[in-house]
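S.K.:
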Amino acid sequence: VPLYVATNMASKVAFIKKASLFVPTPEAYVQASIRWIGYEPRCTPYWSHSLQWYLASLLPESVLDAWRLSIGIRRMELGTSWPH
Numbered sequence: 163v164p165l166y167v168a169t170n171m172a173s174k175v176a177f178i179k180k181a182s183l184f185v186p187t188p189e190a191y192v193q194a195s196i197r198w199i200g201y202e203p204r205c206t207p208y209w210s211h212s213l214q215w216y217l218a219s220l221l222p223e224s225v226l227d228a229w230r231l232s233i234g235i236r237r238m239e240l241g242t243s244w245p246h
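FYI, in my numbering the residues of the sequence shown are 163 to 246.
1) Need the endpoints of the alpha helix (DSSP H) that Ala129 sits in, please.
2) With 16 other CB atoms within 10 Å as the buried threshold, where does His246 fall?
3) Apart from the five residues on each side of it in sequence, which residues of its chain come closer than 7 Å, Cβ to Cβ, to Ser195?
4) Does the separation of the CB atoms of Ala168 and Ile178 fall below 7 Å?
5) Starting from Leu213, trace the alpha helix (DSSP H) in both directions and tell me its first and last residue.
6) Assign Ala228 to one of three DSSP states: helix, strand, or coil.
Laid out in structure tokens, this is it:
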């Protein structure tokens, strides 16, 4: 599940223009991350990312795979890929 932060890279990859409820600013994400250090080996420190992660964990992997594939196909159609 892609959990984005509003950065220049995210704007190119996921067409994110600005921060929102589910896409924090880098500053907000860093602040949440620092509070989380040392608690668990894997974490989703930003509250809305935790919610997204939980909801995604309720779905079968096949549904998530199909969703990720559709995102990848859309990016290819629009000529957008991961920066190298």
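Cβ coordinates follow ideal geometry from the N, Cα and C atoms, glycine included.
M.R.: Taking the definition as stated:
1) Residue 129 lies beyond the residue range present for the chain, which begins at 163 and ends at 246; the question has no answer from this structure.
2) Residue placement at His246 is poorly supported in this model, since its pLDDT is 41, which falls under 50; the coordinates are not used for a value here.
3) Pro207
4) yes
5) 209-219
6) helix
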